[in-house]
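Undergrad:
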Ligand SMILES: [Zn+2]
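Numbering (our numbering), first residue to last: 121 to 431.
(1) Who are the near neighbours of residue 430 in its chain, counting only those whose CB is closer than 7 angstroms to its CB and skipping five residues on each side?
(2) Give every residue of the same chain whose Cβ lies closer than 6 angstroms to the Cβ of residue 257, excluding the five residues on either side of it in the sequence, and list them in chain order.
(3) Under 6 angstroms, CB to any heavy atom of ligand 1. Which residues pass, going along the chain?
(4) According to DSSP, simplified to helix, strand and coil, what is residue 411?
(5) Pick helix, strand or coil for residue 422, following the three-state DSSP scheme.
(6) Got a sec? Which residues, its chain only, sit under 6 angstroms from residue 187 by beta carbon, not counting five neighbours each side?
(7) From this set, 185, 364, 215 and 201, which residue's C-alpha is nearest residue 165's C-alpha?
(8) Can you find the residues in the same chain that come closer than 7 angstroms, C-beta to C-beta, to residue 183, ignoring five residues on each side of it along the sequence?
(9) On the DSSP letters alone, give me the boundaries of the beta strand (DSSP E) that residue 321 sits inside.
(10) Classify residue 296: buried if its beta carbon has 16 or more other beta carbons within 10 angstroms, exposed otherwise.
(11) Fully enclosed by the stretch 343–423, which alpha helix (DSSP H) runs are 4 residues long or longer?
(12) Tell me the residue span of the alpha helix (DSSP H) that contains residue 501.
(13) Measuring only the C-alpha atoms, how far is residue 327 from residue 178?
(14) With burial defined as no fewer than 16 other Cβ atoms inside 10 Å of the residue's Cβ, what is the status of residue 284: buried or exposed?
(15) Considering only their Cβ atoms, is the gap separating residue 399 from residue 322 smaller than 9 angstroms?
(16) Within 8 angstroms, do at least three Cβ pairs link the stretch 331–342 to the stretch 247–256?
(17) Please list, in chain order, all residues of the same chain as residue 347 whose beta carbon is under 6 angstroms from its beta carbon, the five residues on each side excluded.
(18) Taking the straight line between their C-alpha atoms, what separation do you get for residue 244 and residue 315?
(19) So, are the CB atoms of residue 409 and residue 320 less than 9 angstroms apart?
(20) Take every Cβ of the stretch 277–293, pair it with every Cβ of the stretch 409–421, and state whether three or more of those distances are shorter than 8 angstroms.
(21) Distance check for residue 205 and residue 366, CA to CA, integer angstroms please.
(22) Could you tell me which whole beta strand (DSSP E) segments of length 3 or greater appear in the stretch 146–221?
(23) Would you kindly work out how many angstroms separate the C-alpha atoms of residue 247 and residue 336, rounded to a whole number?
(24) If you follow the beta strand (DSSP E) that residue 309 is in, where does it begin and where does it stop?
(25) Which residues does DSSP pair with residue 249 in a beta bridge?
(26) Here's a check: name, in chain order, each residue in its chain whose Cβ is nearer than 7 angstroms to the Cβ of residue 341, leaving out the five neighbours to either side.
(27) List the residues that DSSP assigns as beta-bridge partners of residue 329.
(28) Using the Cα positions of residue 158 and residue 307, report the straight-line distance between them to the nearest angstrom.
(29) Have a look at residue 268 and residue 303 and give me their C-alpha separation to the nearest angstrom.
(30) Which residues in the same chain have their Cβ closer than 6 angstroms to the Cβ of residue 406, if we skip the five residues on either side of it in sequence?
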């Protein structure tokens, strides 16, 4: 699933309005087919993470993109003239056709633009009912205050992070246990409060070692009201993994962790029906299906220093 990229000269201001319909504006430009864009997985649905691969016939100095209103940062791969960009579709995104827009800067200063319509399919998620202690459904004034404080703490943690990919290779399972197929389910707690389950649950007994899914830096490590014991790891490039309901936390904010490193012990703290590990994946504010990320082959980026000097 790839399309040719038309090489374009910088468009005069007069044509700025036409950049919206770039394909038409570029019909007169030579179609050198110097650029190819593909994505993995090929079928994207709500909740999918995806890796965009852009290959140019000539060296590029920089490449950026947007998809579904979020910036896609492209970084050079180890293969010549190949760039990779992390993207994702929030679980709440309706099915439809969406534009991927890329802007590349060639070494000679030329600006290349590219648009590709990508179909986002629909994954249907079931509805389930659950029972939890009443304070999680109708919290009292003290608990409401704590929930508000937690919100602030999470907002600060969400804003932290390195712009460059810090992960190393594919993401790994955080526990040695099968995942329940629970991402995206609409849940009704005690017949009242409904929420979408924005993570994957792993059925593990309390005290099971929980491991970092990949390299990164801890940006949150503390108990929260709904999440219980919670650890958030920033993997760079807007990508974070969040581990919830932990009984014991083994890391501190600011600490760098390696893939497979034990970061906590599992539990059933917070709004949980019993002991389990809840793993969430967040990219640029979009919640993605953790199991899809765990199965996604991650690209080999060039060393970070090379990435920085190529800007
Ligand atoms: Zn969960």
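We treat Cβ as the ideally placed atom computed from N, Cα and C, and that holds for glycine. Only a predicted model underlies this, so the values are computations on that prediction, with no experimental measurement involved.
TA: So, to answer that:
(1) Because residue 430 carries a pLDDT of 42, less than 50, the predicted location of this residue cannot be relied on, and the following value inherits that uncertainty. Answer for residue 430: 181 and 196, listed in chain order.
(2) 309, 310, 312 and 313
(3) 317, 319, 321 and 398
(4) helix
(5) coil
(6) 207 and 220
(7) 215
(8) 174, 194, 203, 222 and 224
(9) 320–322
(10) exposed
(11) 410–415
(12) Outside the displayed range of the chain (121 to 431) lies residue 501, so it cannot be described from this structure.
(13) 53 angstroms
(14) exposed
(15) yes
(16) no
(17) 364 and 390
(18) 15 angstroms
(19) yes
(20) yes
(21) 32 angstroms
(22) 155–160, 169–176, 180–187, 190–196 and 202–208
(23) 34 angstroms
(24) 306–309
(25) 308
(26) 351, 369, 371, 372 and 373
(27) 385
(28) 35 angstroms
(29) 25 angstroms
(30) 208 and 210
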